[in-house]
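Asker:
Residue numbers (the numbering used here): 166 to 519.
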């Protein structure tokens with residue numbers, strides 16, 4: 166009986182403690198939420214004021230008026246973090262004089278110095294955050310500090326540094342491709358290409374050198390630049406990549422040639438078909454279907470005997486779209502009445518581009 170009374174008392178006390186803790190937690194959250202709402206209003210007001218701030222008569226940007234209360238709040242880590250988050254988001258959406266005003270406010274409040282202190286942190290995520298700030302806020306004078314991080318061993322620090330350099334110097338910032346030794350992941354390349362799409366067009370030099378880099382991922386990225394910016398003058402350099410030792414590089418070269426092809430491109434691809442990996446063979450057939458210009462249809466017909474249906478379909482599509490007489494040759498082939506070609510031909514007829 167005593168045992169049950171003790172057990173009941175224990176659970177009752179535990180319940181009281183839990184209720185007290187939850188009540189305190191909810192009260193604290195409610196207080197913080199109200200505080201954040203007030204902070205947001207204060208920050209938004211200052212950012213709007215900064216965005217539409219005008220230069221003085223001398224043509225120099227004067228100090229943007231900042232309240233004592235806001236300056237005092239900047240000593241609060243949570244407030245400062247919220248302010249930096251908002252000013253960075255605003256700067257990303259602003260350019261010209263409005264963006265320059267936000268940059269001026271950022272420096273005026275000494276946030277650039279705080280970012281530089283964070284850059285010296287041993288924690289990789291803190292360094293990445295600092296680099297992101299420097300790049301977004303356009304602190305070009307800090308290039309030498311962040312450039313060394315473009316070849317950092319940490320993936321996140323490395324990509325943030327590379328993007329920051331692009332933000333600061335546009336296409337010229339791609340010079341880090343000359344020195345990086347770590348492999349660029351597909352995700353990193355996508356982020357860099359996305360960032361480049363927002364950069365004003367300028368003369369892009371150095372791609373020919375990157376196409377011969379000892380780092381396969383740099384070669385792949387250079388091939389994507391050739392493709393995205395239609396660098397026809399680098400056609401021969403791209404064809405040379407079809408003989409690269411890395412299969413991924415060769416596959417990207419095949420993809421790139423679908424954008425900068427000539428009359429002989431399909432024959433160049435077909436001449437390398439037998440020595441390629443299965444995935445690259447599929448890529449070659451898909452490329453020929455886009456490029457066309459097949460001179461020797463009998464070569465393609467010879468590959469219809471492939472065992473895998475995926476390859477059969479890729480070859481048949483290349484045949485139909487690669488030559489004006491491809492469909493006729495396919496239908497006249499004795500294998501066209503057998504499975505699976507029999508079922509593939511109706512679909513291929515709907516895709517034909519001739």
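C-beta atoms are modelled at their ideal positions from N, C-alpha and C, and glycine is treated no differently. Remember, it's a predicted structure, so these values are computed and weren't measured experimentally.
1) With distances taken from CA atoms, which of 289, 342, 511, 374 is nearest residue 321?
2) Kindly indicate the opening and closing residues of the alpha helix (DSSP H) around residue 248.
3) Would you give the residue range spanned by the alpha helix (DSSP H) that residue 461 belongs to?
4) Got a sec, what are the start and stop residues for the alpha helix (DSSP H) residue 309 sits in?
5) Enumerate in chain order the residues of its own chain whose CB-to-CB distance from residue 343 is below 7 Å, with the five nearest sequence positions on each side excluded.
6) Looking at residue 327: is its Cβ nearer than 9 Å to the Cβ of residue 341?
7) Between which two residues does the alpha helix (DSSP H) carrying residue 430 extend?
8) Does DSSP put residue 438 in a helix, in a strand, or in coil?
9) Measure the C-alpha to C-alpha separation of residue 284 and residue 292 and round it to an integer number of angstroms.
10) Please confirm whether residue 273 and residue 229 have their CB atoms less than 9 Å apart.
11) Closest to residue 468 by CA distance: which of 427, 479, 515, 218 is it?
12) Quick one: what's got a C-beta closer than 6 Å to residue 383's C-beta in the same chain, skipping five residues either side?
13) Rounded to the nearest angstrom, what separates residue 461 and residue 504 at their Cα positions?
14) Using CA atoms only, rank isn't needed, just tell me which of 337, 385, 388, 393 is closest to residue 359.
15) Give me the Cβ distance between residue 410 and residue 365, rounded to the nearest whole Å; I'm assuming they're in contact under 8 Å.
16) Using three-state DSSP, classify residue 364 as helix, strand or coil.
17) Do residue 210 and residue 255 count as a contact pair if the criterion is CB distance below 9 Å?
18) Check each candidate in 397, 413, 237 and name the one with the smallest Cα separation from residue 443.
19) Compare the Cα-Cα distances from residue 357 to each of 425, 373, 184, 387 and report the closest residue.
20) Excluding the 5 residues flanking residue 458 on each side, which residues of the same chain have their C-beta closer than 6 Å to its C-beta?
21) For residue 346, collect the residues of the same chain with a Cβ closer than 8 Å to its Cβ; drop the 5 residues on either side in sequence, then sort them by chain order.
22) Please state if the CB of residue 425 and the CB of residue 435 are separated by a distance shorter than 9 Å.
23) Between the Cα of residue 331 and those of 304, 389, 351, spot the shortest distance and give me the residue it belongs to.
24) Please tell me whether residue 486 and residue 516 are closer than 9 Å, where the distance is taken between their beta carbons.
25) By Cβ distance below 8 Å, which residues in the same chain neighbour residue 418 in space, the five residues on each side in sequence not counted?
26) Tell me whether residue 369 sits in a helix, a strand or coil according to DSSP, three-state version.
27) If residue 266 sits next to residue 216, beta carbons under 8 Å apart, how far is it from one beta carbon to the other, in whole angstroms?
28) For residue 416 and residue 445, what's the separation of their Cα atoms in angstroms?
29) Please determine, among 363, 399, 361, 368, the residue with the shortest C-alpha to C-alpha distance to residue 377.
30) Ends of the alpha helix (DSSP H) at residue 505?
31) How about residue 482 and residue 513: do their beta carbons lie closer than 9 Å?
32) Under 6 Å Cβ to Cβ from residue 253, same chain only, skipping five residues before and after it: list those, please.
33) Nearest-angstrom Cα distance between residue 474 and residue 433?
34) Looking only at C-alpha atoms, which of 497, 278, 173, 390 sits nearest to residue 249?
35) Does residue 325 pass the burial test, meaning 16 or more other C-beta atoms within 10 Å, or should it be called exposed?
36) Distance, Cα to Cα, residue 299 vs residue 202?
Answerer: With the given structure in hand:
1) Your numbering for residue 321 matches position 156 in the chain shown. Closest by alpha carbon: 289.
2) Your numbering for residue 248 matches position 83 in the chain shown. Counting along the chain, the alpha helix (DSSP H) containing residue 248 begins and ends at 242–257.
3) On the chain shown, position 296 is the one that residue 461 refers to. Taken as a continuous stretch (DSSP letters only), residue 461 belongs to no alpha helix (DSSP H), as it is neither H nor E.
4) In the chain shown, residue 309 corresponds to position 144, counting from 1. Note, residue 309: alpha helix (DSSP H), 308–312.
5) For this step, residue 343 is matched to residue 178 along the chain shown. So no residue of the chain qualifies.
6) Along the chain shown, read from residue 1 onward, the residue named residue 327 stands at position 162. Along the chain shown, read from residue 1 onward, the residue named residue 341 stands at position 176. Cβ atoms of residue 327 and residue 341: closer than 9 Å.
7) Position 265 of the chain shown holds residue 430. It spans 430–435 - the alpha helix (DSSP H) in which residue 430 sits, taken as one unbroken run.
8) By one-based count along the chain shown, residue 438 stands at place 273. Here residue 438 sits in coil by DSSP.
9) Taking the first residue of the chain shown as position 1, residue 284 is located at position 119. Taking the first residue of the chain shown as position 1, residue 292 is located at position 127. Looking at the two C-alpha atoms, the distance is approximately 5 Å.
10) In the chain shown, residue 273 corresponds to position 108, counting from 1. In the chain shown, residue 229 corresponds to position 64, counting from 1. Yes, the Cβ-Cβ distance between residue 273 and residue 229 is below 9 Å.
11) Residue numbering aside, residue 468 sits at position 303 when the chain shown is read from its first letter. Closest by alpha carbon: 479.
12) As a working mapping, residue 383 is identified with position 218 in the chain shown. Here the set comprises 342, 375.
13) Numbered from 1 along the chain shown, position 296 holds the residue referred to as residue 461. Numbered from 1 along the chain shown, position 339 holds the residue referred to as residue 504. Going from the Cα of residue 461 to the Cα of residue 504 covers about 25 Å.
14) Residue mapping note: residue 359 aligns to position 194 of the chain shown, counting from 1. The shortest Cα separation from residue 359 among 337, 385, 388, 393 belongs to 393.
15) Taking the first residue of the chain shown as position 1, residue 410 is located at position 245. Taking the first residue of the chain shown as position 1, residue 365 is located at position 200. Between residue 365 and residue 410 the Cβ distance is about 36 Å, and since that is not below 8 Å, they are no contact.
16) Against the chain shown, residue 364 aligns to sequence position 199. Of the three classes helix, strand and coil, the one that applies to residue 364 here is coil, per DSSP.
17) Numbered from its first residue, the chain shown carries residue 255 at position 90. Numbered from its first residue, the chain shown carries residue 210 at position 45. Not in contact: residue 255 and residue 210 (Cβ atoms no closer than 9 Å).
18) Reading the chain shown from its first residue, position 278 is the one you call residue 443. If we check each option's Cα against that of residue 443, 413 comes out closest.
19) Here residue 357 refers to the residue found at position 192 of the chain shown. Residue 387 is the option with its Cα nearest to residue 357.
20) In the chain shown, counting from the first residue as 1, residue 458 sits at position 293. Hits under 6 Å: 428, 431.
21) Sequence index remark: in the chain shown, residue 346 carries index 181 (1-based). Contacts found: 316, 380.
22) Your numbering for residue 435 matches position 270 in the chain shown. Your numbering for residue 425 matches position 260 in the chain shown. Not in contact: residue 435 and residue 425 (Cβ atoms no closer than 9 Å).
23) Looking up residue 331 in the chain shown gives position 166. Checked all of 304, 389, 351; the closest Cα to residue 331 is 304.
24) One-based indexing of the chain shown puts residue 486 at position 321. One-based indexing of the chain shown puts residue 516 at position 351. Taking 9 Å as the Cβ cut-off, residue 486 and residue 516 qualify as a contacting pair.
25) As a first step, residue 418 must be located in the chain shown, where it is residue number 253. If we look at residue 418 and ignore the five residues flanking it on each side, its Cβ neighbours are 388, 403, 404, 406, 407, 409.
26) As a first step, residue 369 must be located in the chain shown, where it is residue number 204. The answer is coil: DSSP assigns residue 369 none of H, G, I, E or B.
27) Counting from one through the chain shown, the residue named residue 266 turns up at place 101. Counting from one through the chain shown, the residue named residue 216 turns up at place 51. At roughly 6 Å, the Cβ-Cβ gap stays under 8 Å, so residue 266 and residue 216 are in contact.
28) Counting from one through the chain shown, the residue named residue 416 turns up at place 251. Counting from one through the chain shown, the residue named residue 445 turns up at place 280. In a straight line, the C-alpha of residue 416 is about 6 Å away from that of residue 445.
29) In the chain shown, residue 377 corresponds to position 212, counting from 1. Comparing Cα positions, the closest option is 399.
30) The sequence position of residue 505 within the chain shown is 340, counting from 1. Taken as a continuous stretch (DSSP letters only), residue 505 belongs to no alpha helix (DSSP H), as it is neither H nor E.
31) As a position in the chain shown, residue 482 is number 317, starting the count at 1. As a position in the chain shown, residue 513 is number 348, starting the count at 1. Cβ distance < 9 Å, so residue 482 and residue 513 count as in contact.
32) Numbered from 1 along the chain shown, position 88 holds the residue referred to as residue 253. Cβ within range, chain order: 301.
33) Here residue 474 is taken as the residue at index 309 of the chain shown, counted from 1. Here residue 433 is taken as the residue at index 268 of the chain shown, counted from 1. Roughly 24 Å separates the two Cα atoms.
34) As a first step, residue 249 must be located in the chain shown, where it is residue number 84. Looking at the Cα atoms, 278 is the closest of the given residues.
35) Against the chain shown, residue 325 aligns to sequence position 160. By the 10 Å Cβ count, residue 325 comes out buried.
36) On the chain shown, residue 299 is found 134 positions in, with the first residue counted as 1. On the chain shown, residue 202 is found 37 positions in, with the first residue counted as 1. Roughly 27 Å between the two C-alpha positions.
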